[in-house]
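Chains as they are written, first to last, in the numbering used here: chain C, 2 to 749; chain R, 783 to 862; chain G, 783 to 862; chain H, 5 to 242. Glycine included, every Cβ here is placed at the ideal spot set by N, Cα and C. Here the structure is laid out as structure tokens; the discussion comes afterwards.
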Amino acid sequence: MGRVAAKPFSQPAVTLALIAAHGLTEEEHRKIVHLLGREPNYTELGVFSVMWSEHCSYKSSRVHLKLLPTEGKAVIQGPGENAGIVDIGDGLCAAFKMESHNHPSFIEPYQGAATGVGGILRDIFTMGARPIASLNSLRFGSFDHPRTRYLLGGVVAGIGGYGNCIGVPTVGGEVFFDESYNANILVNAFTLGIAEKRRIFKGTAKGAGNPVMYVGAKTGRDGIHGATMASEAFSEESEKRRPTVQVGDPFTEKLLLEACLELMKKNWLVGIQDMGAAGLTSSSVEMAARGGAGIELELSRVPLRETGMTPYEILLSESQERMLLVAKKGQENQVKKIFERWDLDAVVVGKVTKDRTFRAFFGGAEVAAIPVAALTSEAPVYHRPAERPATQDELQRLELEKVPQPEDLGVVLKQLLDSPNIASKEWVFRQYDHLVRSNTVVGPGGDAAVIRIKGSHKALAVTVDGNGRYCFLDPYVGGILTVAESARNLACVGARPLGLTDCLNFGSPERPEVMWQFSQVIQGMRDGCAALGVPVVSGNVSFYNETDGVPIYPTPTVGMVGLLSKVQRHVTPWFKSAGDLIVLLGRTREELGGSEYLKLVHGSVKGTPPWIDLRLERAVQESCLKAIEKGILRSAHDVSDGGLAVALAECCIGGPEKSLGARIELREMMRPDALLFGESQSRIVVSVKEKDLGRLRDIAAKEGAPLQILGEVGGPRLAIQPLLQLPVEELRAAWAGALERRLRRDEG
Amino acid sequence: MRVKIFVRLKEGVLDPQGKAVERSLHTLGYEEVGDVRVGKYIELEIAAPSRQAAEKRAREMCDKLLANPVIEDYRFEIQE
Amino acid sequence: MRVKIFVRLKEGVLDPQGKAVERSLHTLGYEEVGDVRVGKYIELEIAAPSRQAAEKRAREMCDKLLANPVIEDYRFEIQE
Amino acid sequence: MRWGVIVFPGSCDDQDVYDCLKHVLKQKVEFLWHKDRLGRDIDCVVLPGGFSYGDYLRCGAMARFSPIMQGVVEFARNGGLVLGICNGFQILCEAGLLPGALTRNASLQFVCRQVHLRVEEIDTPFTSAAKKGQLLKLPVKHGEGCYYADPATLERLQKNRQILVRYVDGKGRPTAAANPNGSLENIAGVCNEARNVFGLMPHPEDASEKLLGSEDGAKIFSSVIAACGTRGKRAWVA
Ligand SMILES: Nc1ncnc2c1ncn2[C@@H]1O[C@H](COP(=O)(O)OP(=O)(O)O)[C@@H](O)[C@H]1O
Ligand SMILES: [Mg+2]
Numbered sequence: 002m003g004r005v006a007a008k009p010f011s012q013p014a015v016t017l018a019l020i021a022a023h024g025l026t027e028e029e030h031r032k033i034v035h036l037l038g039r040e041p042n043y044t045e046l047g048v049f050s051v052m053w054s055e056h057c058s059y060k061s062s063r064v065h066l067k068l069l070p071t072e073g074k075a076v077i078q079g080p081g082e083n084a085g086i087v088d089i090g091d092g093l094c095a096a097f098k099m100e101s102h103n104h105p106s107f108i109e110p111y112q113g114a115a116t117g118v119g120g121i122l123r124d125i126f127t128m129g130a131r132p133i134a135s136l137n138s139l140r141f142g143s144f145d146h147p148r149t150r151y152l153l154g155g156v157v158a159g160i161g162g163y164g165n166c167i168g169v170p171t172v173g174g175e176v177f178f179d180e181s182y183n184a185n186i187l188v189n190a191f192t193l194g195i196a197e198k199r200r201i202f203k204g205t206a207k208g209a210g211n212p213v214m215y216v217g218a219k220t221g222r223d224g225i226h227g228a229t230m231a232s233e234a235f236s237e238e239s240e241k242r243r244p245t246v247q248v249g250d251p252f253t254e255k256l257l258l259e260a261c262l263e264l265m266k267k268n269w270l271v272g273i274q275d276m277g278a279a280g281l282t283s284s285s286v287e288m289a290a291r292g293g294a295g296i297e298l299e300l301s302r303v304p305l306r307e308t309g310m311t312p313y314e315i316l317l318s319e320s321q322e323r324m325l326l327v328a329k330k331g332q333e334n335q336v337k338k339i340f341e342r343w344d345l346d347a348v349v350v351g352k353v354t355k356d357r358t359f360r361a362f363f364g365g366a367e368v369a370a371i372p373v374a375a376l377t378s379e380a381p382v383y384h385r386p387a388e389r390p391a392t393q394d395e396l397q398r399l400e401l402e403k404v405p406q407p408e409d410l411g412v413v414l415k416q417l418l419d420s421p422n423i424a425s426k427e428w429v430f431r432q433y434d435h436l437v438r439s440n441t442v443v444g445p446g447g448d449a450a451v452i453r454i455k456g457s458h459k460a461l462a463v464t465v466d467g468n469g470r471y472c473f474l475d476p477y478v479g480g481i482l483t484v485a486e487s488a489r490n491l492a493c494v495g496a497r498p499l500g501l502t503d504c505l506n507f508g509s510p511e512r513p514e515v516m517w518q519f520s521q522v523i524q525g526m527r528d529g530c531a532a533l534g535v536p537v538v539s540g541n542v543s544f545y546n547e548t549d550g551v552p553i554y555p556t557p558t559v560g561m562v563g564l565l566s567k568v569q570r571h572v573t574p575w576f577k578s579a580g581d582l583i584v585l586l587g588r589t590r591e592e593l594g595g596s597e598y599l600k601l602v603h604g605s606v607k608g609t610p611p612w613i614d615l616r617l618e619r620a621v622q623e624s625c626l627k628a629i630e631k632g633i634l635r636s637a638h639d640v641s642d643g644g645l646a647v648a649l650a651e652c653c654i655g656g657p658e659k660s661l662g663a664r665i666e667l668r669e670m671m672r673p674d675a676l677l678f679g680e681s682q683s684r685i686v687v688s689v690k691e692k693d694l695g696r697l698r699d700i701a702a703k704e705g706a707p708l709q710i711l712g713e714v715g716g717p718r719l720a721i722q723p724l725l726q727l728p729v730e731e732l733r734a735a736w737a738g739a740l741e742r743r744l745r746r747d748e749g
Numbered sequence: 783m784r785v786k787i788f789v790r791l792k793e794g795v796l797d798p799q800g801k802a803v804e805r806s807l808h809t810l811g812y813e814e815v816g817d818v819r820v821g822k823y824i825e826l827e828i829a830a831p832s833r834q835a836a837e838k839r840a841r842e843m844c845d846k847l848l849a850n851p852v853i854e855d856y857r858f859e860i861q862e
Numbered sequence: 783m784r785v786k787i788f789v790r791l792k793e794g795v796l797d798p799q800g801k802a803v804e805r806s807l808h809t810l811g812y813e814e815v816g817d818v819r820v821g822k823y824i825e826l827e828i829a830a831p832s833r834q835a836a837e838k839r840a841r842e843m844c845d846k847l848l849a850n851p852v853i854e855d856y857r858f859e860i861q862e
Numbered sequence: 005m006r007w008g009v010i011v012f013p014g015s016c017d018d019q020d021v022y023d024c025l026k027h028v029l030k031q032k033v034e035f036l037w038h039k040d041r042l043g044r045d046i047d048c049v050v051l052p053g054g055f056s057y058g059d060y061l062r063c064g065a066m067a068r069f070s071p072i073m074q075g076v077v078e079f080a081r082n083g084g085l086v087l088g089i090c091n092g093f094q095i096l097c098e099a100g101l102l103p104g105a106l107t108r109n110a111s112l113q114f115v116c117r118q119v120h121l122r123v124e125e126i127d128t129p130f131t132s133a134a135k136k137g138q139l140l141k142l143p144v145k146h147g148e149g150c151y152y153a154d155p156a157t158l159e160r161l162q163k164n165r166q167i168l169v170r171y172v173d174g175k176g177r178p179t180a181a182a183n184p185n186g187s188l189e190n191i192a193g194v195c196n197e198a199r200n201v202f203g204l205m206p207h208p209e210d211a212s213e214k215l216l217g218s219e220d221g222a223k224i225f226s227s228v229i230a231a232c233g234t235r236g237k238r239a240w241v242a
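Below you can see the structure in the form of structure tokens.
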């Protein structure tokens, strides 16, 4: 590396206190000394601390994640890269991933959420895919908590602020409110991109002598130790770390996106990766590891935004909107030209080497030299103790006889529709541009979003789902339900799943009960995936979601992508015309555990979540899919939070314009509240023309799915005989304005 | 009394607006310009018995609402 | 030289942000506050041979780019 | 005829307009790079939606100084057709090609939703394919679409019948609830005095196909196509 003028940097002494301050244990320190054959210097200590952080190393989760099925006939790229990739035919493929930005969003909701979106977008376009849709999965505390409104407003504005500006539509998501998230909200961002199969790019550094280039925004002191922050629980201490918050610049990222995609049409690239958590360090180390190479950086060449930055700070900065790429030797200037066209910096900062070592220089002096393996494959792996909490039995004990029956079921239905968890989320998604790129066939508001693929008859369907309450009550079943609900949402629009990505949000892995929840959830997801034939192609783990020793509900969220071979065939949840028959695919059981009804009306989070029979689940989904493929279904909507009555109400309230009533008769012998509001799984409410009922029956019989005629579409009311009867407009009023009513309340 | 409040991103926090404006000014031929920062300017009327009282209230308002302490600094002036 | 520029919506142009801030301040108990207006505060460094020269350039920049005369007024201060 | 769609840094709906013109309306269309000069063979220039220069400082404030804009101003002076959609509308106002300005939505929030527009005037190359008073269903998606003009300008707009589209409810009434951003007099789009430059906040390119929920947006484009066909190249001067 040539000599460059830079102030010599004298490394502060490494003390035990410093090691502890970096979040490394004594044992980890000993391991470092062993791997290096000496004490690390200050800069190296910083590098180890971020690379060995939970966030980057997956040290507590790795052994469990191995259980997840990652193979399938559509899978082109499974976990391990910046995003997973599945084949969608016609020489095209879909790349997608989900990532958490929980802690930053709690500290600064707008910027935290915005940079979360920015980060996940980079993960997608770094693979050569143009982002075509984003979704998000959000958890906030109860509306009674003083910070909830502020956090909700900021997060939603931040997601919109970034996504709208960069021109990627935000087409769906979920929002859930519960005290469990009062002091630790969840912001999980998902992005889907589309690429040509023969132009997929990976984060690899190969070919000794190839130049390593830095492109995009300049480096500042932002977010230093962000990766370590994501690996810690909240405390007074973390409040003081505030200036580590990063500000997003979606405009620069838009330029970066276009420039990278332009570059990827050429043959000048060896590998490329975004600088996410742990910035320059993790991107270069991971690229070297994947390529089986070494990497050498001259840090004084890194474009800086601030003066006096040390090598330590340059390596650990988490400034946004930056990428690292390895070009073919001799193509540097061509690469630079493309970035110049988009007014962006592109600088050669190093080169690929043979010696499998990560080396950083500053003005020619070596400031760090660490074997790549020591930072990656040799990083600690923990088999953390796991133990079922003693309280779990009590938690699962729900004596239905002791749950009083409500007097007026109509009032309860309205109450449920007014619950922030069930109410319309329009207040949220109208702040997102869900149309840009003009591919959105079904935007937010449906069971899954449907994005057409221009130039073909196909479309992709996307959904994100998760239910922390179910997972809290029974993490194994909860894990299955999460996967099943996602697949069911895809089935409702007519899409067959190709793969999923997940974001696993949990408390501290150092708590045996949290590790138990984690391992149970993974086993549940594994079984759900296996039964439904959905591979896991990418994902993210977020531990340490707890405050003052209280973990959040174990909350895995799943983003699932499916394919519709004929976009014209897609189905929406809403009833279409009076006279259509309303049919339930699946079966209602007497279950109330973990339901929104139980929580809202009886203030109780208890029992076991609804049971699931995966064979039945498959039969129901398959029947729905086959019926849609045959063009029989006029509408389809899965039964989830709030149960059958809420699902029916949603079908009636309808799309943005039209409301249609329904006349239903329910004769089951069970508690009326369980019948109406229980959340039995594997149920889809569909509507068909009367003449098609026979065909639907045949399909369901063949698949082995129970089928029950509920009634017919029509009239101004939702009448569920003999239990309740309400004008649809009254239901709509409860449902449509619920979020806004609560948000306005504080304006006085 | 009239209070004029200036809110600015903290030193070291990325200021994408400032950067974009700076680049634009350069393209427009104002190459002598540097270090552009874009912030907020808030004016308000306050009824207070004394300058000191007004100052106290203004500071409170800034801390609570008008500036985001995580990323912003503020300064204000009071005119009687 | 340091230039501080204040950009404000003209009288008569709706200032929903000012209104919203005012409402929030009232809710927070600052009822003595009124006529809140939210504008922009731009700071920049300018290299100029004289104060006058700096003034001239600053005025130009405001007229051309930094303020929109249809809806905004501006004012600036120069510090040497 | 030939369409040109300008790509500013930060344009987002450039591809939408391009695809709509090329694949839905089968038009000849090309992208125009903001750093280039405006070509001579373009009949209608579109300034697309998006966030040119991040919409930092003010929407459209910086894009107006892009090199290509000089050519656009000249082109418009010579009677060339210029259509600004959303951010494009903002840029045209900043550039002085259209009167007024677009300010922050009254709600202070970005808004993405379907609106109804009432076509107020049809003697323009942008609305001639519609009927007077016809309702069009189009989406809006913007954070700063609140149209403002001072009283004298507003009077002139009315006198010259430059207000081409207004936000209305499903029954055609310009109510407050139908106004997504607080625009003065529910104004959604205006043209210049010569009627060859038109800017509107809603997005016709996202509503020109049945699959996307509405085909009404095509009315705007087909008006232009008709105007160019009957009047010949760049001959629209009122
Ligand atoms: N944060 C969000 N962003 C965008 N859309 C959202 C968000 N939250 C909910 N939605 C939309 O609101 C609708 C209802 O959400 P939800 O009740 O979670 O659906 P489901 O139960 O079918 O998963 C969905 O179409 C979803 O995409
Ligand atoms: Mg659903």
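query, result
"How should C/Asn334 be labelled, buried or exposed, when 16 other C-beta atoms within 10 angstroms of its C-beta is the threshold for buried?", "exposed"
"Identify whether C/Asn490 lies in helix, strand or coil by the three-state DSSP scheme.", "helix"
"Can you tell me which of the three DSSP states R/Lys801 falls into?", "helix"
"Tell me, please, which residues DSSP counts as bridged to C/Ile315.", "Answer by DSSP bridge pairing: none, since C/Ile315 is not bridged."
"Touching or not, the region 81-100 of chain C and the region 188-198 of chain C, by the rule of three or more beta carbon pairs under 8 Å?", "yes"
"Got a sec? Which residues, its chain only, sit under 8 Å from C/Glu237 by beta carbon, not counting five neighbours each side?", "Confidence in C/Glu237 is poor, its pLDDT being 45 and thus under 50, which makes the residue's placement too unreliable to answer from."
"Mind listing the chain H neighbours of R/Val782? Cutoff is C-beta to C-beta under 8 Å, in chain order.", "Nothing in the structure corresponds to residue 782 of chain R, since chain R is present only between 783 and 862."
"Can you give the Cα-Cα distance for G/Gln834 and H/Gly53, rounded to whole angstroms?", "40 Å"
"How would you label C/Gly534, buried or exposed, when you count the other beta carbons within 10 angstroms and need 16 or more for buried?", "exposed"
"For C/Arg4, count neighbouring Cβ atoms within 10 angstroms of its own Cβ and tell me buried if that reaches 16, exposed if not.", "The predicted position of C/Arg4 is uncertain, since its pLDDT is 41 and thus under 50; a value taken from the coordinates is nonetheless stated next. It counts as exposed."
"Could you check what DSSP says for H/His146 in three-state terms: helix, strand or coil?", "strand"
"Using 8 Å as the limit for Cβ to Cβ distance, is R/Leu796 near chain C?", "yes"
"Which residues in the same chain have their Cβ closer than 8 Å to the Cβ of C/Leu68, if we skip the five residues on either side of it in sequence?", "Ile523, Gln524, Arg527"
"Is the CB of C/Gly221 under 8 Å away from at least one CB in chain R?", "yes"
"On the premise that C/Met288 lies in contact with C/Gly351, defined as a C-beta separation below 8 Å, what is that separation, rounded to the nearest angstrom?", "Actually they are not in contact, since the Cβ atoms of C/Gly351 and C/Met288 sit about 11 Å apart, beyond 8 Å."
"Report the three-state DSSP secondary structure of C/Asp419 (helix, strand or coil).", "coil"
"From C/Glu511 to C/Val64, what distance separates their C-alpha atoms?", "15 Å"
"At which residue ranges does the region 460-531 of chain C contain complete alpha helix (DSSP H) runs of 4 or more residues, listed in the order of the chain?", "469-474, 476-494"
"Mind checking who C/Phe177 pairs with in its DSSP beta bridge?", "C/Arg140"
"Taking all protein chains shown into account, decide if C/His30 is buried (16 or more other Cβ within 10 angstroms of its Cβ) or exposed.", "buried"
"Is the distance from the Cβ of C/Ser378 to the Cβ of C/Val51 below 8 Å?", "no"
"When you compare each of C/Gln518, C/Leu17, C/Asp448 to C/Leu491 by their alpha carbons, which one comes out closest?", "C/Asp448"
"Out of curiosity, what's the CA-to-CA distance linking C/Leu505 and H/Tyr22?", "40 Å"
"Along chain H, in chain order, which residues have C-beta atoms closer than 8 Å to that of R/Leu810?", "Phe69"
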